[in-house]
Amino acid sequence: MILRNIGILLTIIVGIEHIGIMWLEIFGKPDLQAKSFDMDVDFVKQPAAKTALANQGIYNGMLGLLILIVFFFFRMPTLITVWQLLLAFVVVVAIFGGFTASKKIFVVQMLPALIAFILLFF
């Protein structure tokens, strides 16, 4: 039960993290975006890159919000199943992002989601 509770807490943190990533992708200053996403600051300042980051940001934000609000719509054990599904999505997308965008994604996004996913089985 303790491991599952840690998994629940970590799942909530993953949801909050994705809302934070949304904020950074949509509203962050170019210098911070470039540093956070391992991109050249001149690239991040381009209108097309800003649009792409904002588009990606809304996806991250909605995923984070969904992870958080399902808590109010489902009861155990359905809640755990829904969270596992959403965390599996995060893991798969983070694997793709880690290989194609930045290796930091493996640690920052994939690892917490994977650990939460596993702990929710206990």
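Residue numbers (our numbering): 72 to 193. A virtual CB, placed ideally from N, CA and C, is assigned to each residue, including glycine. It should be emphasised that the depicted structure is a prediction, and the values quoted were computed from it without experimental measurement.
Please name the residue in the options whose C-alpha comes closest to that of residue i.
i      : options                          : result
Leu137 : Pro148, Phe160, Asn76 and Gly168 : Phe160
Ile166 : Leu103, Val179 and Leu150        : Val179
Met181 : Arg75, Thr82 and Leu74           : Thr82
Could you tell me the distance, in whole angstroms, from the CA atom of residue i to the CA atom of residue j?
i      : j      : result
Phe144 : Met72  : 22 Å
Pro183 : Asp111 : 27 Å
Met93  : Ser107 : 12 Å
Ala125 : Leu150 : 29 Å
Lys175 : Gly168 : 9 Å
Ile87  : Asn131 : 10 Å
Ile140 : Thr152 : 14 Å
Leu80  : Phe142 : 12 Å
Gly99  : Ala120 : 13 Å
Leu103 : Trp154 : 30 Å
Gly91  : Met133 : 11 Å
Ile84  : Pro101 : 25 Å
With residue i and residue j assumed to form a contact (beta carbons below 8 Å), what rounded beta-carbon distance in angstroms separates them?
i      : j      : result
Phe193 : Gly78  : 7 Å
Glu96  : Gly128 : 3 Å
Leu185 : Val163 : So it is not a contact: roughly 10 Å between Cβ atoms.
Ser173 : Asp109 : 4 Å
Between which two residues does the alpha helix (DSSP H) carrying residue i extend?
i      : result
Pro101 : Pro101 to Ser107
Arg75  : Ile73 to Phe98
Val153 : Thr149 to Thr171
Lys121 : Pro118 to Ile140
Val112 : Val112 to Val115
Phe188 : Leu182 to Leu190
Cβ atoms of residue j and residue i: under 7 Å apart, would you say?
i      : j      : result
Leu158 : Phe188 : yes
Ala123 : Val115 : no
Leu74  : Leu190 : yes
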